[in-house]
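Visitor:
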Amino acid sequence: MGDDLLLRYRDELARVTQTEQQEERSRLEDYLEVIYHLVHDKGYASTVDIAENLGVKPPSVSSMLQRLAAKDYLVHEPYRGMRLTEKGEKIAKSVIARHSIISELLLMLGVEKTVAYQDTEGIEHHLQPVTISRIEGLIDFLRKDPKLLRAIRDHIEK
Ligand code: MN
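Following this note's numbering, the numbering of the sequence shown begins with 116 at its first residue and continues without gaps.
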């Protein structure tokens, strides 16, 4: 392989690895988010519930739970259920906060609930704290000025 080709190959490899890491991070956040909600709403999170919520099969949930436990995001005791560790809960709360801010903006702009939910799930992993905080500021501003929000809605709904 020529030097040029080798460099391009390395570049491509780095890109692929980065994408994979991002996907893995998104998956991890989705799991922690769902487990947090289940434990808080139902008192426990079962593999079946997690699978249903994430639209995946129970066996993939089991293997992911093992990985999350190995990385100290949750404690999983057979027959006694699972709970998030402090480390896991911190991430869960962060993604839930991002979720609520993004979906609030979309709903404010009149995006229909189902679409807002789907898009929020897609976006929530990819925004950095500085962007989230800007969106939060915008929401705050629009909330204090319903007339302006009405004008914006009228404009974009035409
Ligand atoms: Mn979410």
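C-beta atoms are modelled at their ideal positions from N, C-alpha and C, and glycine is treated no differently. These figures come from a predicted structure and were not determined experimentally.
What first and last residue would you give for the beta strand (DSSP E) that runs through residue 199?
Guide: Reading the sequence shown from its first residue, position 84 is the one you call residue 199. 196-199 is the span of the beta strand (DSSP E), which, as asked, contains residue 199.
Visitor: Could you spell out where the alpha helix (DSSP H) holding residue 144 opens and where it closes?
Guide: As a first step, residue 144 must be located in the sequence shown, where it is residue number 29. Where residue 144 is concerned, the enclosing alpha helix (DSSP H) stretches over 118-157.
Visitor: Is residue 301 buried or exposed, if buried means 16 or more other CB atoms sit within 10 Å of its CB?
Guide: Residue 301 falls outside the range modelled here, since the chain spans only 116 to 273, and no answer is possible.
Visitor: Is residue 236 close to ligand 1? I mean its beta-carbon at under 7 Å from any heavy atom of the ligand.
Guide: Sequence index remark: in the sequence shown, residue 236 carries index 121 (1-based). Yes, the Cβ of residue 236 comes within 7 Å of a heavy atom of ligand 1.
Visitor: With 16 other CB atoms within 10 Å as the buried threshold, where does residue 163 fall?
Guide: Stepping through the sequence shown from its first residue, residue 163 is reached at position 48. Its Cβ having fewer than 16 others within 10 Å, residue 163 is exposed.
Visitor: How many Å lie between residue 186 and residue 128 at the Cα?
Guide: What you label residue 186 is simply residue 71 of the sequence shown in a count that begins at 1. What you label residue 128 is simply residue 13 of the sequence shown in a count that begins at 1. So the alpha carbons of these two residues sit roughly 25 Å apart.
Visitor: Do residue 207 and residue 147 have their C-beta atoms closer together than 8 Å?
Guide: If you number the sequence shown from 1, residue 207 lands on position 92. If you number the sequence shown from 1, residue 147 lands on position 32. Closer than 8 Å, so yes.
Visitor: Confirm the yes/no value for this check: CB of residue 214, any heavy atom of ligand 1, distance under 7 Å.
Guide: Working through the sequence shown from its first residue, we reach residue 214 at position 99. Residue 214 Cβ: within cutoff of ligand 1.
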